Amino acid sequence: GENVEQHPSTLSVQEGDSAVIKCTYSDSASNYFPWYKQELGKRPQLIIDIRSNVGEKKDQRIAVTLNKTAKHFSLHITETQPEDSAVYFCAAIYTGANSKLTFGKGITLSVRP
Amino acid sequence: KAGVTQTPRYLIKTRGQQVTLSCSPISGHRSVSWYQQTPGQGLQFLFEYFSETQRNKGNFPGRFSGRQFSNSRSEMNVSTLELGDSALYLCASSLAHGRDTQYFGPGTRLTVL
Chain A
635 GENVEQHPST LSVQEGDSAV IKCTYSDSAS NYFPWYKQEL GKRPQLIIDI RSNVGEKKDQ
695 RIAVTLNKTA KHFSLHITET QPEDSAVYFC AAIYTGANSK LTFGKGITLS VRP
Chain D
8 KAGVTQTPRY LIKTRGQQVT LSCSPISGHR SVSWYQQTPG QGLQFLFEYF SETQRNKGNF
68 PGRFSGRQFS NSRSEMNVST LELGDSALYL CASSLAHGRD TQYFGPGTRL TVL
């Protein structure tokens, strides 16, 4: 089955700096990669996703890049703000029958004011 | 559209008891997945239901079971509760099985004493 790993497990950045969170996956058939943000005491919320036919996707201050050859994908947050502090989960799935979304263990991002 | 809802939000039980958690998906969504979230373990997949049928199952003991009703609402049941079952139980809904973005509910916080 699919295995998703996130590195590092914690990340601390200064407000205004950029943050990059990396994930690797094992199943080369995986073709959909969502990112979720979970603030303390709240539900995970989808913030951006990418499909395997695209190499990069941007939405304001966040972007995701995908390298299918190396089987890794990354979340990039520019101009970080204190409200970006949260746990970020990456996930991967092959969108076919009997497939399931596999999550990484999450990265805690702290943005220092 | 109303989001995914879960009831109850908090539960306290003692070892050996059983518990039933409920999840109402977004209107029109027919797939419901369940996850267990504990510190350090991230989001562990329990099972997914689509069209009242279990489509996928994670690596949890048989004490964990679920079902889905014709209106797509889902329940999960945990029998013979153990201390280690204390966790946040999240459900997520999507339009269909295995290919669409999942949207999470607020979770049920289960504490086993």
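As they're listed, the protein sequences go chains A and D. Residue numbers for the first sequence follow this note's numbering, so the first one is 635 and each next one is one higher. Residue numbers for the second sequence follow this note's numbering, so the first one is 8 and each next one is one higher. Glycine included, each C-beta is placed from N, C-alpha and C at the ideal position. Being a predicted model, the structure only gives us computed values, none of them experimental.
Shown in chain order are the members of the stretch 663 to 692 of chain A whose Cβ falls below 9 Å from a Cβ of chain D: 666, 668, 670, 672, 676, 677, 678, 679, 680, 683. Taking one beta carbon from each stretch, the stretch 708 to 725 of chain A and the stretch 65 to 84 of chain D have fewer than 3 pairs nearer than 8 Å; the two do not touch. Under the 10 Å beta carbon count, residue 651(A) is surrounded by fewer than 16 other beta carbons and is classified as exposed. Take the alpha-carbon of residue 702(A) and the one of residue 57(D): they are about 29 Å apart. A direct Cα-to-Cα measurement between residue 709(A) and residue 23(D) gives close to 43 Å.
In this structure, 83(D) is the residue among 59(D), 83(D), 11(D) with its C-alpha nearest to the C-alpha of residue 69(D). Between residue 54(D) and residue 48(D), the gap from beta carbon to beta carbon reaches 7 Å or more.
The stretch 685 to 702 of chain A makes no contact with the stretch 636 to 649 of chain A: fewer than 3 CB pairs, one atom from each, lie closer than 8 Å. For residue 693(A), the three-state secondary structure derived from DSSP is strand.
Just so you know, the alpha carbons of residue 46(D) and residue 694(A) end up roughly 30 Å apart. A straight line joining the alpha-carbon of residue 16(D) with that of residue 644(A) spans about 28 Å. Within the model, the alpha-carbon separation for residue 59(D) versus residue 40(D) is close to 12 Å.
Put simply, the CB of residue 637(A) is far from chain D, with every gap to its CB atoms at 7 Å or more. When the beta-carbon positions are compared, residue 79(D) and residue 32(D) come within less than 7 Å of each other. Straight-line spacing of the CA atoms in residue 711(A) and residue 86(D) works out to 43 Å. Residues 54 of the same chain have their beta carbon placed closer than 6 Å to that of residue 64(D), with the five preceding and five following residues left out of the count. Within the same chain, Cβ atoms closer than 7 Å to the Cβ of residue 713(A) are found at 650, 695, the five residues on either side in sequence being excluded. Rounded to the nearest whole angstrom, the C-alpha separation of residue 729(A) and residue 667(A) is 10 Å. With respect to chain A, the C-beta atom of residue 113(D) has a partner C-beta closer than 7 Å.
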